[in-house]
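Chains as they are written, first to last, in this note's numbering: chain A, 17 to 252; chain B, 17 to 252; chain C, 17 to 252; chain D, 17 to 252; chain E, 17 to 252; chain F, 17 to 252.
C-beta atoms are modelled at their ideal positions from N, C-alpha and C, and glycine is treated no differently.
Only a predicted model underlies this, so the values are computations on that prediction, with no experimental measurement involved.
Number of protein chains: 6
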Amino acid sequence: MVLSYDELTFESFEVELKGDPICILPVGATEEHGRHLPLGSDSFQAYSTARALAERVKGLVLPPLSYGVSSSLKDFPGTISLSFEALHLVVRDILRELIRNGIRKIVVLSSHGAQAHMSAIRTACEEAADQGDAKIMALCDYEIAYKLRGTDSIPVDDGHGGVVETSRMLVFTPTLIGDARPIGKDSTPAYLVSRHKKRYMTEGIIGDSSKASSELGKKINSYVVEELVKAVRAVM
Amino acid sequence: MVLSYDELTFESFEVELKGDPICILPVGATEEHGRHLPLGSDSFQAYSTARALAERVKGLVLPPLSYGVSSSLKDFPGTISLSFEALHLVVRDILRELIRNGIRKIVVLSSHGAQAHMSAIRTACEEAADQGDAKIMALCDYEIAYKLRGTDSIPVDDGHGGVVETSRMLVFTPTLIGDARPIGKDSTPAYLVSRHKKRYMTEGIIGDSSKASSELGKKINSYVVEELVKAVRAVM
Amino acid sequence: MVLSYDELTFESFEVELKGDPICILPVGATEEHGRHLPLGSDSFQAYSTARALAERVKGLVLPPLSYGVSSSLKDFPGTISLSFEALHLVVRDILRELIRNGIRKIVVLSSHGAQAHMSAIRTACEEAADQGDAKIMALCDYEIAYKLRGTDSIPVDDGHGGVVETSRMLVFTPTLIGDARPIGKDSTPAYLVSRHKKRYMTEGIIGDSSKASSELGKKINSYVVEELVKAVRAVM
Amino acid sequence: MVLSYDELTFESFEVELKGDPICILPVGATEEHGRHLPLGSDSFQAYSTARALAERVKGLVLPPLSYGVSSSLKDFPGTISLSFEALHLVVRDILRELIRNGIRKIVVLSSHGAQAHMSAIRTACEEAADQGDAKIMALCDYEIAYKLRGTDSIPVDDGHGGVVETSRMLVFTPTLIGDARPIGKDSTPAYLVSRHKKRYMTEGIIGDSSKASSELGKKINSYVVEELVKAVRAVM
Amino acid sequence: MVLSYDELTFESFEVELKGDPICILPVGATEEHGRHLPLGSDSFQAYSTARALAERVKGLVLPPLSYGVSSSLKDFPGTISLSFEALHLVVRDILRELIRNGIRKIVVLSSHGAQAHMSAIRTACEEAADQGDAKIMALCDYEIAYKLRGTDSIPVDDGHGGVVETSRMLVFTPTLIGDARPIGKDSTPAYLVSRHKKRYMTEGIIGDSSKASSELGKKINSYVVEELVKAVRAVM
Amino acid sequence: MVLSYDELTFESFEVELKGDPICILPVGATEEHGRHLPLGSDSFQAYSTARALAERVKGLVLPPLSYGVSSSLKDFPGTISLSFEALHLVVRDILRELIRNGIRKIVVLSSHGAQAHMSAIRTACEEAADQGDAKIMALCDYEIAYKLRGTDSIPVDDGHGGVVETSRMLVFTPTLIGDARPIGKDSTPAYLVSRHKKRYMTEGIIGDSSKASSELGKKINSYVVEELVKAVRAVM
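Below you can see the structure in the form of C-alpha cells.
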C-alpha cells in the first residue's frame with residue numbers, strides 16, 4: 017500500500033516521521049503532447065511513477081504539481097506554462113516546509129524535462145540542500161527512460177510524444193489515448209530562440225508514435241522504476 | 017460527464033474552446049485539520065466541489081493546486097505552507113496562460129480560506145482581469161458554507177475542522193476520516209501575530225466535530241453547489 | 017501627553033527604550049470615501065485612534081503610513097492604491113528596524129481593512145515575529161468597530177463610508193465633512209473580480225450615512241479604544 | 017490656502033483635476049539627527065517646504081512619506097531605514113496611480129538626500145516618466161540649500177544636522193529643538209563601506225550647529241522655496 | 017578586422033546599425049577548471065570564439081560577461097557563482113537595450129554550459145524574442161564541440177576540463193596552461209543534489225586532459241566556428 | 017606583474033589566498049561618450065585604473081563588469097543601460113562569493129559615476145559588509161579625479177566626456193580616440209526627470225574636450241592612483 021501525504025492526519029504524519037520516510041514530490045506539466053496524448057501526460061506519468069517508486073522504497077507521495085515551465089510549446093492550444101520564478105518558488109517552499117517538519121529524504125520526480133523547468137526545480141533543491149542535512153534527489157525520469165534509446169524498436173532520436181512517451185502512456189492512462197499515431201519531426205533551426213515554434217513543429221511531437229505499444233511501455237516503466245530504486249538506495 | 021482539462025488533447029481542447037467554456041481551478045491546501053481529518057482536506061473538498069460545479073455548468077476542471085498559504089498552522093506537524101508570492105505567481109501564471117489560450121470565463125475555487133491565501137489568489141485574479149476581457153470569479157466555498165452557521169445543528173462559531181468541515185469530508189472522503197471527533201476552541205489572544213499558535217490551539221480545530229454527519233455534509237455540499245451555480249450564472 | 021517617535025532625538029529615544037515602550041504604527045489609505053468624506057479618511061482615523069491608544073498605554077506613535085492597498089476602489093477619482101508588495105515591504109522594513117533598535121512591543125493599527133491590505137500587513141508581521149522575541153499585534157480597528165453593528169442605530173450591513181465611518185469622522189475631522197449624506201449599496205455580483213467596480217457602486221459607499229452623528233461617533237471611538245486597550249494589556 | 021490631497025473628497029478631487037494641478041509628494045526620513053534635532057527632522061522639513069511650495073504654485077500636497085533609506089545611520093538609536101526596494105516600490109506605485117488618475121505634473125520633494133534614497137526615488141520617477149506624458153521633477157531640497165554653503169556664516173563643509181539643517185528646523189519646529197548644539201565631524205575613512213559608521217561619527221552630525229539661528233533658517237527656507245518655484249515654473 | 021561594440025563611438029555605432037549587424041554577446045564563467053586550466057577558461061573560450069565568429073559573419077562583438085551560474089563547483093576554491101536571477105536580469109537588460117537601439121540579430125554565445133546558466137540565458141532570450149522582431153540565437157558552444165566526442169582521440173564521456181576543453185585552451189591561451197594534465201572522473205551519485213560536490217570530484221575535471229593537444233584544439237575550434245557560421249547563416 | 021583572478025587556477029588561487037590579497041572589481045559602462053570617445057570609455061578607464069592600483073597594492077584584478085546603469089543617456093545610440101536590480105544582484109553575488117571563498121579585502125572601482133549606478137554598487141557592498149568581516153571599499157574614480165577641477169586647465173564645471181575624461185582616455189586607449197573634440201553643455205532643466213534627455217544634450221558631453229591632452233591625462237591618472245593607494249592603505 018502506498019501512503020499519500022495528504023491522506024495522513026497530523027498525528028499519523030508524526031508516526032510516519034519516526035520512520036525517516038522518503039518524501040516523493042511528483043511534478044508534471046500541462047502542455048501539448050500531440051494529437052494522441054492528453055495535455056496532462058507528464059503529470060500522469062510523474063504521479064504513476066512516483067507511486068511505483070513509493071511502493072518499492074516505502075515512500076510518502078506528496079500531492080503532485082501539475083503545472084510546469086513549458087515555454088517552447090506555448091504556441092500549441094492548451095499549453096499552460098509557468099514562469100521560471102513561479103515553479104522555483106513553489107518547489108522551494110514545499111522543500112523548506114518538509115525540512116522544517118523534520119523530513120530528511122526527498123525525491124523530486126518530474127516527467128517533464130524542459131531545461132528551464134528542471135533548472136527551476138534544481139535551483140530550489142540546491143537552496144534546500146544548503147538549508148540543512150536533508151538528502152535531496154531531483155530528476156526527470158526521461159533521463160532514465162531515454163537511456164533505452166537505440167535498444168528495441170526505440171530510435172535514437174525519439175522525443176516528446178514519440179515511441180517512449182506514447183508507450184508509457186498506453187500503460188498509465190490507456191483510456192485517454194486516442195487512435196491517432198502521429199509522426200513528428202522537430203526542425204527548429206539550431207539554437208534559434210523562436211517566438212513561433214509551432215511553425216517548425218507541425219505535429220507537436222518528435223518521433224514515430226505508431227511504433228508505440230503497451231508491452232514496450234511496461235518494459236520502459238519497469239526499467240525506470242528499477243533504476244530509480246537503485247539511485248535512491250545508493251544515497252538514502 | 018465532467019471534462020478534465022488535462023485529459024484533453026490539444027485538438028480536443030480547441031474543440032472545447034469554441035463553446036466558450038468555464039474553466040474551474042480548484043485550490044486546496046496541505047495543512048493540519050485535527051486528529052480526524054487528513055492533511056489534504058481542503059484539496060479534497062475543492063476538487064470535489066469543482067467537479068460538482070463543472071457538472072452543472074458544463075465547466076472544464078483544471079488540475080488542482082494542492083498547496084496553499086497556511087502560515088497560522090505551521091506549528092502543527094505536516095503543514096506545508098507556501099509563501100504569498102509563490103501562490104500568487106502560480107495562480108497569476110495559470111490565469112495568464114488560460115487567457116492567452118482564449119479562455120474567457122474562469123472560476124478559482126478554493127476550499128481553504130486563510131486571509132493571505134485568498135489575498136494571493138485575488139491579487140492574481142485582479143491582475144488577470146486587468147489583462148483583458150475575461151470574466152473571473154474567485155472565492156472560498158466556505159464563504160458560502162458558513163452562511164449556514166446558526167441553522168440546523170451548526171453553531172455560529174463553527175470553524176476549521178468543525179461540524180461543517182467534518183460533515184463535508186464525511187461525504188467526500190469517508191474512508192479517510194478516523195473515529196476521533198475532537199472538540200476544539202481557538203483561544204488565540206485577539207490580534208496577536210503569534211509565532212506559537214499551537215500553544216493556543218491544542219486540538220487544532222475550532223468547533224465540535226462530534227456533531228458532524230454525512231447527512232449534514234450532503235446538505236451543506238448541495239447548498240454550496242447550488243449557490244455556486246447561481247453566482248456563476250449571474251455573470252457568465 | 018502622547019509621545020511621537022519622530023519628535024524624539026536619538027538620545028531621548030534611548031531613554032524611552034529603557035521603559036520597553038509599545039510602538040504603534042498607524043496605517044491608513046488614500047481612497048474614495050463617498051461624496052461626504054475625504055480621501056484620507058482611513059489615515060485620519062488610524063492616526064487619531066493610535067494617539068488615543070498611546071495615551072492609554074503610554075505608547076510611542078510612529079509616523080503614519082497614509083497609503084494602502086485599495087485595488088477595489090481604483091475606478092473612483094483620487095484613489096491611490098499601492099501594490100501588495102510595496103505595502104508589504106515597507107511594513108516589513110519598519111518592523112525589522114524597530115526590532116533591531118530593541119523595540120519588543122509593536123501594534124500595527126490600520127483603519128483600512130481591505131483583505132489584500134491587511135494581508136500585506138500581517139505577512140510582514142509574521143516575518144517580524146519569526147525574527148525574534150517581539151510581541152506584535154496587527155488589526156484593522158473596524159474589526160472592533162463593526163462588532164457594534166446591530167446595536168443602536170447601526171444596521172448589520174453598514175460598511176465603507178456608512179454610519180459607523182461617517183460618525184467616527186464627524187468626531188475626528190468635523191471640518192472636512194461636507195453636507196452630503198449619501199446612501200449607498202454594494203451590488204457587486206458575488207465573487208466576481210471585476211475591473212469596473214464603479215459600475216456596481218454608484219455612491220462609492222455601503223450604508224446610510226444620513227444616520228451618522230458625532231454622538232454616535234464618540235461612542236464608537238470610545239468602544240474601539242477600550243477594546244484596543246484590553247487587547248493590548250492581555251498580551252503586552 | 018494650501019490644498020491637501022487627502023482632505024479632498026473624490027468629487028472635489030475631480031474639480032481640482034480640471035485645473036491640471038501640480039501634485040507635490042513630500043518625502044522625509046526617520047533617522048538620527050544629532051542630540052538636538054528630532055528623528056523626524058527630514059520629514060518635518062519636507063512637509064513644510066512642500067506646503068510652502070504648494071502655496072506659491074497652487075499645488076496639491078500629497079500625504080508625506082516619513083520613512084526613507086538611511087542605511088549609513090543605522091548604528092544610531094532610533095534610525096528606521098527602508099530597503100531601496102521598499103521605497104522604490106512605494107514611490108513607483110504612488111506616481112503610477114497619480115498618472116492613472118490624470119495628474120500630469122508631479123514634484124517629489126525629499127529633504128533627505130542619501131544617495132540610495134534619492135536613487136530609489138529617481139528610479140521610480142524615470143519609470144513613471146516612461147509611462148506617459150506626465151512631467152516629473154525629483155529633488156532633495158538640500159541640493160538647493162547647500163548652494164548657500166560658503167555664504168554668510170555657512171561653512172563649505174556643513175552637512176547632516178549642521179548649521180543649515182539646525183537653522184531650518186529652528187523655523188519649522190522650534191519647540192522640538194533642544195538646547196544642545198553639538199559640533200560634529202565625519203571622519204569615515206574615504207570610500208569605506210563600513211558596518212560601524214557610529215565609530216567614526218561620535219556626534220552623528222557634520223558641522224557646527226552652534227552657529228545656527230532661526231534668522232538664518234528663514235533666509236535659507238526662503239531661498240529654497242524661491243529656487244523651487246523657479247525650477248517648477250521653468251517646466252510646468 | 018573584428019568590430020568591438022565598446023570601441024565604437026555613438027556615431028560610428030549609428031553607421032554600423034544601418035548594415036543590420038549581428039551582435040554577439042560572449043558569456044563565460046569564473047570557476048574551477050582543474051589544476052591545469054585557469055578560472056576564466058570559459059570566458060576566454062567564449063570571447064575568442066565570438067571574435068572568430070564575428071570575423072566570419074561581420075558581427076559586432078559585445079563586451080563579454082565573465083561571470084555565470086556555477087553552483088555545482090562552488091566547493092572548489094576560486095569559483096564565483098551568480099544566482100540564476102542575477103544572470104537572467106543582466107542578459108535580459110542587455111538584449112532589451114540592443115533591441116531598443118534597433119539591433120535585430122543577436123547571438124548569445126556561452127562557453128559555459130551548466131543547466132541553470134543556459135536556462136537563465138535562454139529565459140532572457142525568450143523574453144527578448146517576445147519583445148519584437150529580433151532574431152535571437154543562444155547556445156553553449158560545447159553543444160557543438162561535444163558532437164566530436166567519439167571521433168579522433170576524444171572519448172564519449174569527455175567533459176569539464178577534459179580533452180576537448182584543454183585542447184581548445186591550448187590554442188586560446190597557451191601561456192596560461194600549466195604542466196599538470198589531470199585525469200578526473202565524476203562519480204557524483206546519480207540525481208543527488210549535493211552540498212558537497214568536491215567530495216565526489218577530487219580533480220575537479222571529467223576526462224583525461226593528458227590526451228589534449230593544440231593540434232586537436234585547432235581542429236575543434238575550426239569545427240565549432242564552421243558550425244556556428246552555418247547556424248547563423250541559416251536564420252540571419 | 018599584475019595578477020588577474022581569471023588567470024589563476026584553483027590551486028594558484030589557494031596560494032594567493034594565504035597572502036590575504038585585495039580583490040579589485042573594475043566596473044564600467046557601455047554608453048554614449050560624445051563623438052570622440054568610445055562607448056566603452058568607462059570600462060576602459062576602470063580596467064586600466066584597477067590594474068594600476070593592483071600593481072601598487074599587490075591586488076588581484078577581477079574580470080571587469082562592462083555594463084552599468086546609464087539611464088540618463090538612453091536616448092543616444094549605442095547606450096546599453098542595466099536596471100538597478102540587475103547591477104545590484106551581479107555585484108552582490110560576486111562579493112558574496114568572494115567572501116565565501118575567504119577574501120577579506122575588496123575594492124569595487126567604477127569609472128562610471130551615475131547616482132543609480134553607484135547606488136546599486138554601494139547597496140550590494142553594504143549587504144556584503146553585513147555578511148561578515150570583509151573590508152569593502154566602493155568608489156567612482158571620478159570622485160577623485162574631479163577634485164582636480166579648478167586646477168590647471170580644468171574648468172570647475174567639467175563633466176561627462178569633457179577635459180578630464182578625454183585626457184584620461186588619450187592615455188588609456190589613444191588609438192580609439194577620433195579627431196573630433198566636441199564642446200558640450202548640459203542644459204537639462206533642473207530636477208526634471210526627463211524621457212528625452214537628448215533634447216537637452218546635443219553633443220552628449222559636458223565640457224570642452226578640445227582642452228584635453230595626454231599630458232594632462234597622465235597627470236590625472238597618476239593623481240587618481242596615488243589617492244587610491246592612500247585610501248586603500250588607510251584601511252586595508
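Chain A contact for residue i (CB, 8 Å cutoff)
i: H52 (chain B); result: yes
Close-in-space but distant-in-sequence residues of the same chain around residue i (CB under 6 Å, 5 per side omitted)
i: A145 (chain E); result: I152
i: K90 (chain B); result: S97
i: H133 (chain A); result: G84 and V85
i: D174 (chain A); result: R165, V180 and G223
i: A45 (chain B); result: D58, G84, S86 and H128
i: G118 (chain B); result: L33
Residue i and residue j closer than 8 Å at C-beta
i: S59 (chain C); j: L105 (chain D); result: no
i: M185 (chain B); j: S82 (chain B); result: no
i: H128 (chain D); j: T25 (chain C); result: no
i: V209 (chain A); j: C141 (chain E); result: yes
i: Y21 (chain F); j: L55 (chain E); result: yes
i: A62 (chain C); j: L125 (chain C); result: yes
i: P93 (chain B); j: F29 (chain A); result: yes
i: M135 (chain A); j: T182 (chain A); result: Checking the sequence shown, residue 135 (chain A) turns out to be Ser, not Met. In this structure, T182 (chain A) does not lie closer than 8 Å to S135 (chain A) by Cβ.
i: T65 (chain C); j: V241 (chain C); result: yes
Under 8 Å from the C-beta of residue i: neighbouring residues of chain C
i: A154 (chain B); result: Y207 and V209
i: A102 (chain D); result: A102, L105, V106, R108 and D109
7 Å Cβ cut-off: residues of chain A touching residue i
i: M134 (chain E); result: Q131
Chain E contact for residue i (CB, 8 Å cutoff)
i: S87 (chain A); result: yes
i: A70 (chain A); result: no
Neighbouring residues, chain B, relative to residue i (Cβ below 7 Å)
i: E48 (chain A); result: F26
Min CB distance residue i to chain B below 8 Å
i: I40 (chain A); result: no
i: P198 (chain A); result: no
Other residues of its chain near residue i: CB distance less than 7 Å, five sequence neighbours each side excluded
i: R112 (chain B); result: A144 and Q147
Proximity test, Cβ basis, 8 Å: residue i and chain F
i: F92 (chain D); result: no
i: P37 (chain E); result: no
Contact with chain D by residue i, beta-carbon distance below 8 Å
i: S82 (chain C); result: yes
i: Y63 (chain C); result: no
CB contact below 8 Å: residue i versus chain C
i: F188 (chain D); result: no
i: D202 (chain D); result: no
Proximal residues of chain D, C-beta to C-beta of residue i below 9 Å
i: D146 (chain F); result: R211
Residue i: contacting residues in chain C (beta-carbon distance under 9 Å)
i: A250 (chain B); result: P205, A206 and L208
Within chain F, partners of residue i - CB distance below 7 Å
i: D22 (chain E); result: T46, P54, L55, G56, S59 and S82
Neighbouring residues, chain D, relative to residue i (Cβ below 7 Å)
i: T139 (chain F); result: F100 and A132
Beta carbon proximity, residue i to chain G, threshold 8 Å
i: P79 (chain A); result: Checking the listed chains, one finds no chain G in this structure; the protein chains it contains are A, B, C, D, E and F.
Evaluate the contact criterion for the region 65-74 of chain E versus the region 165-181 of chain E: three or more CB pairs, one atom per stretch, below 8 Å.
no
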